[in-house]
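These notes are about the structure you will find just below.
Chains as they are written, first to last, in my numbering: chain Y, 17 to 340; chain S, 17 to 340.
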């Protein structure tokens, strides 16, 4: 079960491995948002997203004998890189099952970080079947991207840092905007804040049209997205909130927020200009919510968890067009 | 006189104001450089460069009655923004004398940060004369960009942080590559490292053709650049090392390094891809030196001070072309 204690134990295991990311701000963003904006840039985490935290947490929590047999993950993106790198640093093997049509750069990066990449054909093959066969044959442990207590606990260490950092800045009440796919990051942060900064209210942020979490929170029941793809925020397109994460979100989160693709790109441009950080579209929906949904936010300070920066140069160049 | 004691006193005054920037790294950069690369991203500092540290240090060191009359600076770039913002935060007036043909965005930013911008015509007018007249009329204090002990002391706080951070990482011997214009940052860091991390050797990095510091160190005498402009690394084009900074550099620095414009742009692209930070060309010559001058560097670890990120989107888009 996911608890604050699991998050705190994960923080101990992550010490000296995950980076403590700073808090950034800019008077220009404050002006645009109509309130003070504090940004936690998880794009600066190892492998370019918060996913490294959950991967390290899950791998380091395994029994030594189990861990030595290696791990497996399905992902074409940030979770893949986090698992590959954390596994390599533990000196164990990792297998990542990726679609054959994934961007070449992501495949190369995942390989370079030490994983064996197994490609499958999205049309004809099931990644779950391939994964299960490999896991059984080789005794690999599956590291799920979000519906896994030790992964949630690792992501929750972002919340522990936030609680300490906002306390130092004298902020005790604020909405905390979090980019949300399956809900691992949001659930972990929510548990940490409940324990250490109860005046901070977590709120999931999503792309419009893929706002399953927002709608699930509104109705109190897990809702699905109509489509599985077709939005630039690829990192956070999941069909529905997780079975483990959703009850946590339902208990602890404020209402969800949703932004357009154009707003996510615009937020990327502004984070380039004002914060000097690189965000990917799915990592920028939280900042976009702060800037473009200000009437839906409460308080004189808003906290933004900018979750990742693994974007293609072409997409980034597209975002920069907002500045010209 | 510039001393370690001044740097330490500046650090006290900067506490709670300047950001402590983290240390970033990437296994991909390590691979390219042939050694471990630790990057200190001062682009994440307030106003997008280390210049805020020196500005805050100098303004906070003034006697209250002097400070209340306001400050003045000449600069079209990072120093202007640092002085404007630090002055506004101190609740005092600032005047920045800028060329009328400076990029509109930099003029607007400096104004938005609270400065009165006085424009002059590069061809017909002297910024020194305009500045002196204003300073005398209004009793403003001039904040020099580098040849000023309290500015050097403020920039030196980067070195104090580096000494502590590298100690925590177990690094006691390494070359420290520093983007160098007039030498304020390099001199300040050198003083801090001499006192707190004597195994770390500061080395100034410049653009080829504007390597006055490198040549001055080689000859032991202050050398000039042939041209005053005409290089993409605008933030670090100064005619010669400072009168106060050079003796410090001469006493404490290893040999200088120089890179091409293309190498600086390429380093910007790699910091986008691997570190998720935004560097400007003049802020990337240190990383470019680590990646493209590896035979001139000693040791199994190299430390890179990436000094700023105030680049135009057009220049950044040009850098991204290295990735396609």
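C-beta: ideal position from N, C-alpha, C; glycine also.
Please classify residue i as buried or exposed, where buried requires at least 16 neighbouring CB atoms within 10 angstroms.
i, result
"residue 122 (chain S)", "buried"
"residue 292 (chain Y)", "buried"
"residue 65 (chain S)", "buried"
"residue 28 (chain Y)", "exposed"
"residue 183 (chain S)", "exposed"
"residue 227 (chain Y)", "buried"
"residue 326 (chain Y)", "buried"
"residue 230 (chain Y)", "buried"
"residue 284 (chain Y)", "buried"
"residue 79 (chain Y)", "exposed"
"residue 370 (chain Y)", "Beyond the ends of chain Y as shown, which are 17 and 340, falls residue 370 (chain Y); an answer cannot be given."
"residue 261 (chain Y)", "buried"
"residue 244 (chain S)", "exposed"
"residue 250 (chain S)", "buried"
"residue 60 (chain S)", "buried"
"residue 330 (chain Y)", "exposed"
"residue 310 (chain S)", "exposed"
"residue 237 (chain Y)", "exposed"
"residue 267 (chain S)", "exposed"
"residue 142 (chain S)", "exposed"
"residue 217 (chain Y)", "buried"
"residue 70 (chain S)", "buried"
"residue 298 (chain Y)", "buried"
"residue 144 (chain S)", "exposed"
Need the endpoints of the beta strand (DSSP E) that residue i sits in, please.
i, result
"residue 259 (chain Y)", "Taken as a continuous stretch (DSSP letters only), residue 259 (chain Y) belongs to no beta strand (DSSP E), as it is neither H nor E."
"residue 143 (chain Y)", "Note, residue 143 (chain Y): premise wrong, no beta strand (DSSP E); alpha helix (DSSP H) at 143 to 154."
"residue 85 (chain Y)", "Taken as a continuous stretch (DSSP letters only), residue 85 (chain Y) belongs to no beta strand (DSSP E), as it is neither H nor E."
"residue 222 (chain Y)", "216 to 223"
"residue 317 (chain S)", "317 to 322"
"residue 275 (chain S)", "273 to 275"
"residue 34 (chain Y)", "Note, residue 34 (chain Y): premise wrong, no beta strand (DSSP E); not H, not E."
"residue 54 (chain S)", "52 to 57"
Please check the pair residue i and residue j, which I expect to be a contact at CB under 8 Å, by giving their CB distance rounded to whole angstroms.
i, j, result
"residue 171 (chain S)", "residue 197 (chain S)", "So it is not a contact: roughly 11 Å between Cβ atoms."
"residue 100 (chain Y)", "residue 131 (chain Y)", "4 Å"
"residue 87 (chain Y)", "residue 110 (chain Y)", "5 Å"
"residue 31 (chain Y)", "residue 163 (chain Y)", "Going by Cβ atoms, the distance from residue 31 (chain Y) to residue 163 (chain Y) rounds to 25 Å, so no, they are not a contact pair."
"residue 206 (chain S)", "residue 159 (chain S)", "Rounded, the Cβ-Cβ distance is 21 Å, inconsistent with contact."
"residue 90 (chain S)", "residue 147 (chain S)", "6 Å"
"residue 313 (chain Y)", "residue 191 (chain Y)", "5 Å"
"residue 167 (chain S)", "residue 74 (chain S)", "5 Å"
"residue 322 (chain S)", "residue 57 (chain S)", "5 Å"
"residue 165 (chain Y)", "residue 18 (chain Y)", "5 Å"
"residue 25 (chain S)", "residue 213 (chain S)", "Not really, about 19 Å apart at Cβ, beyond 8 Å."
"residue 272 (chain Y)", "residue 233 (chain Y)", "5 Å"
"residue 324 (chain Y)", "residue 296 (chain Y)", "5 Å"
"residue 97 (chain Y)", "residue 125 (chain Y)", "6 Å"
"residue 115 (chain Y)", "residue 136 (chain Y)", "6 Å"
Considering residue i, what are the terminal residues of the alpha helix (DSSP H) in which it resides?
i, result
"residue 137 (chain S)", "No alpha helix (DSSP H) contains residue 137 (chain S), which DSSP labels as neither H nor E."
"residue 29 (chain S)", "20 to 30"
"residue 40 (chain Y)", "Careful: residue 40 (chain Y) lies outside any alpha helix (DSSP H) and carries neither H nor E."
"residue 167 (chain S)", "165 to 184"
"residue 205 (chain S)", "200 to 212"
"residue 190 (chain S)", "Element bounds for residue 190 (chain S): not the alpha helix (DSSP H) but the beta strand (DSSP E), 190 to 195."
"residue 69 (chain S)", "67 to 77"
"residue 231 (chain Y)", "228 to 235"
Discussion item. Give the list of continuous alpha helix (DSSP H) stretches no shorter than 4 residues that lie fully inside the region 91 to 133 of chain Y.
Written reply: 94 to 105, 120 to 128
Worksheet item: In the region 281 to 307 of chain S, which residues sit with their C-beta less than 7 Å from some C-beta in chain Y, listed in chain order?
Response: 288, 292, 293, 294
Practice prompt. With a floor of 4 residues, list each alpha helix (DSSP H) that falls wholly inside the region 277 to 330 of chain Y, ordered by position along the chain.
Written response: 277 to 291, 297 to 308
Discussion item. Can you pull out the residues from the region 233 to 250 of chain Y whose beta carbon lies closer than 9 Å to at least one beta carbon of chain S?
Written reply: none
Worksheet item: Which residues, in order along the region 254 to 283 of chain Y, keep a beta-carbon less than 9 Å from a beta-carbon of chain S?
Response: none
Worksheet item: What are the residues of the region 161 to 182 of chain Y that lie near chain S, defined by any Cβ-Cβ distance shorter than 9 Å?
Response: none
Worksheet item: What residues in the region 27 to 47 of chain S have a beta carbon less than 9 Å from any beta carbon of chain Y?
Response: 32, 35, 36, 37, 38, 39, 40, 41, 42, 43, 44, 47
Worksheet item: Closer than 8 Å, Cβ to any Cβ of chain S: which residues of the region 198 to 231 of chain Y, in chain order?
Response: none
Worksheet entry | Positions along the region 57 to 73 of chain Y whose CB lies within less than 7 Å of some CB in chain S | 59, 60, 64
Item to complete: Please name the residues in the region 127 to 152 of chain S whose beta-carbon is closer than 8 Å to at least one beta-carbon of chain Y, in chain order.
Response: 128, 129
Practice prompt. Determine which residues of the region 74 to 94 of chain Y have a Cβ less than 8 Å from any Cβ of chain S, and write them out in chain order.
Written response: none
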